[in-house]
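One structure below.
Numbering (my numbering), first residue to last: 707 to 863.
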């Protein structure tokens, strides 16, 4: 992935996935795209597809546990975020210590697709500052994002 960052915000985000022949990109205010077609997050339905570490998924409230469909592990964090942006996942948890270069491009793609990436304080990450790694993060949209944000808010670090 490649991102151009200024004043803590991503101005251009591109994610190339050679194994799947997918190219995602976004510009602020212009939308998010996959191989030339516009993409958007999906609104969670009865069953929710979620990615991320098992221990974090296990913290989901009981009323959500029966609705969860956990997807197989996706090793590329940027690709996992792009899958949320394109509506193939409803949400994902991100373990602490993701670096700017892991998420800056995918963050913009997700935002332009109608989703959000939030930290433990409910804020969007900022990039290219003194600290280049992040604590726990969540990606998604709507009510599900609020639930996930509440889970990571209580985590240490």
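Virtual Cβ for every residue (Gly too), placed ideally from N, Cα, C.
*So is residue 826 buried or exposed if we call it buried at 16+ other beta carbons inside 10 Å?*
Counting from 1 along the chain shown, the entry for residue 826 is found at position 120. Around the Cβ of residue 826, a 10 Å sphere holds 16 or more other Cβ atoms; the residue is buried.
*Below 9 Å between beta carbons: does that hold for residue 836 and residue 735?*
What you label residue 836 is simply residue 130 of the chain shown in a count that begins at 1. What you label residue 735 is simply residue 29 of the chain shown in a count that begins at 1. Between residue 836 and residue 735, the C-beta spacing is not below 9 Å.
_Check whether the segment 758-770 and the segment 726-745 are in contact - that is, three or more C-beta pairs closer than 8 Å._
Touching, no.
*Distance, Cα to Cα, residue 833 vs residue 775?*
To locate residue 833, count along the chain shown from 1; it is residue 127. To locate residue 775, count along the chain shown from 1; it is residue 69. Their backbone Cα atoms lie some 32 Å apart in a straight line.
*Alpha carbon of residue 851 to alpha carbon of residue 780, nearest angstrom*: As a first step, residue 851 is located in the chain shown; it is residue number 145 there, counting from the start. As a first step, residue 780 is located in the chain shown; it is residue number 74 there, counting from the start. Distance between the alpha carbons of residue 851 and residue 780: 19 Å.
*Residue ranges of each beta strand (DSSP E) run of no fewer than 3 residues wholly in the segment 716-749, ordered along the chain?*
Counting whole runs of 3 or more residues, the segment 716-749 contains the beta strand (DSSP E) stretches 728-733, 737-740.
*asked:* In the DSSP output, what is residue 865 paired with across the bridge?
replied: Shown here, the chain extends from 707 to 863; a query on residue 865 therefore has no answer.
*May I ask which residues mark the beginning and end of the alpha helix (DSSP H) holding residue 665?*
Given a span of 707 to 863 for the chain in the structure shown, any question on residue 665 remains unanswerable.
*Which residues share a DSSP beta bridge with residue 712?*
Residue mapping note: residue 712 aligns to position 6 of the chain shown, counting from 1. Note: residue 712 sits in a beta bridge opposite 715.
_To test your reading of the DSSP string, which unbroken beta strand (DSSP E) runs of 3 or more residues are found completely within the segment 810-853?_
Taking only runs of at least 3 residues, the beta strand (DSSP E) segments lying wholly in the segment 810-853 are 822-824, 843-846.
*Using the Cα positions of residue 802 and residue 709, report the straight-line distance between them to the nearest angstrom.*
One-based indexing of the chain shown puts residue 802 at position 96. One-based indexing of the chain shown puts residue 709 at position 3. Near 20 Å, if we compare the C-alpha coordinates of residue 709 and residue 802.
*Between the beta-carbon of residue 784 and the beta-carbon of residue 740, is there less than 9 Å?*
Within the chain shown, residue 784 is the residue found at index 78, counting from 1. Within the chain shown, residue 740 is the residue found at index 34, counting from 1. Taking 9 Å as the Cβ cut-off, residue 784 and residue 740 do not qualify as a contacting pair.
*Alpha-carbon spacing of residue 814 relative to residue 844, whole angstroms*: As a first step, residue 814 is located in the chain shown; it is residue number 108 there, counting from the start. As a first step, residue 844 is located in the chain shown; it is residue number 138 there, counting from the start. A direct Cα-Cα distance of roughly 14 Å separates residue 814 from residue 844.
*Which partner residues of residue 800 appear in the DSSP bridge assignment?*
Within the chain shown, numbered from 1, the residue matching residue 800 stands at position 94. In the DSSP secondary-structure assignment, residue 800 is bridged to 843.
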